[in-house]
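S.K.: This is the structure I want to talk about, given as structure tokens.
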Amino acid sequence: MVGYKGTESDQFEGSEASPTWLNLAVRPLLRKASAPRSPRQETQRARSRSSRGAVRRHGCRRRRRYPDSFATYFPSVLRHVHEALSLSQEAVSVMDSFAKDMFEHIAEEASLLARSNKRSTITTRDIQTAAHVLLEIGKHAVSEATKAVIMFKRLE
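Just so you know, full-length UniProt numbering puts 135 at position 135 of the sequence shown, and the rest follows in order with no gaps.
Dropping the structure here:
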């Protein structure tokens, strides 16, 4: 690139030197000056900005991340079983941590079963087997789940 003068667009204001790595790196970041906007365009632009709220970095909006929790389901399930009973916040917290812990254990056991069978996908059979291994009432739970699936398929 020795002796390369470049075009006017390659060079910055008043610089007559050849483009350096800095010039080449910065050039895509610079915007060309645009024609002045009409008042109508300005109001439309302001309206669209105000409806968007605060402008985020890189122009992307973040989704709100909700905490992973089963806590919302315990009171409604209890209401179906025993209408007169309720749960305290501490009881809901204990049940939530228990459910998360059991989920982790079952998922880990199912993962080990899938790996031992040289598969990368956890199947329903792996989940059933993990429930049998980890839970004493696993057989009862699996039979109840199977009955529920059969009833669901009959109704379809």
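Glycine included, each C-beta is placed from N, C-alpha and C at the ideal position. The structure presented is a predicted model; accordingly, all values stated were derived computationally and were not measured.
Quick check: the Cα distance between isoleucine 137 and phenylalanine 74, rounded to an integer number of angstroms?
M.R.: Each residue's alpha carbon lies about 20 Å from the other.
S.K.: Excluding five sequence neighbours on each side, which residues of the same chain lie with their C-beta closer than 7 Å to the C-beta of serine 69?
M.R.: The residues are Asp96.
S.K.: Would you check if the distance between the CB atom of glutamate 109 and the CB atom of valine 133 is smaller than 9 Å?
M.R.: It is a contact, given that the beta carbons lie within the stated cut-off.
S.K.: Just checking my contact of valine 142 with glutamine 128 at CB under 8 Å: how many whole Å lie between their CB atoms?
M.R.: Right, their Cβ atoms sit about 5 Å apart.
S.K.: If you follow the alpha helix (DSSP H) that isoleucine 127 is in, where does it begin and where does it stop?
M.R.: First-last of the alpha helix (DSSP H) with isoleucine 127: 124 to 134.
S.K.: Where does the unbroken alpha helix (DSSP H) through lysine 100 begin, and where does it stop?
M.R.: 89 to 116 is the span of the alpha helix (DSSP H), which, as asked, contains lysine 100.
S.K.: Going by beta-carbon coordinates alone, are alanine 131 and isoleucine 122 separated by less than 9 Å?
M.R.: Not a contact, by the Cβ cut-off of 9 Å.
S.K.: Report buried or exposed for aspartate 101, applying the criterion of at least 16 other Cβ atoms within 10 angstroms of its Cβ.
M.R.: So aspartate 101 counts as exposed.
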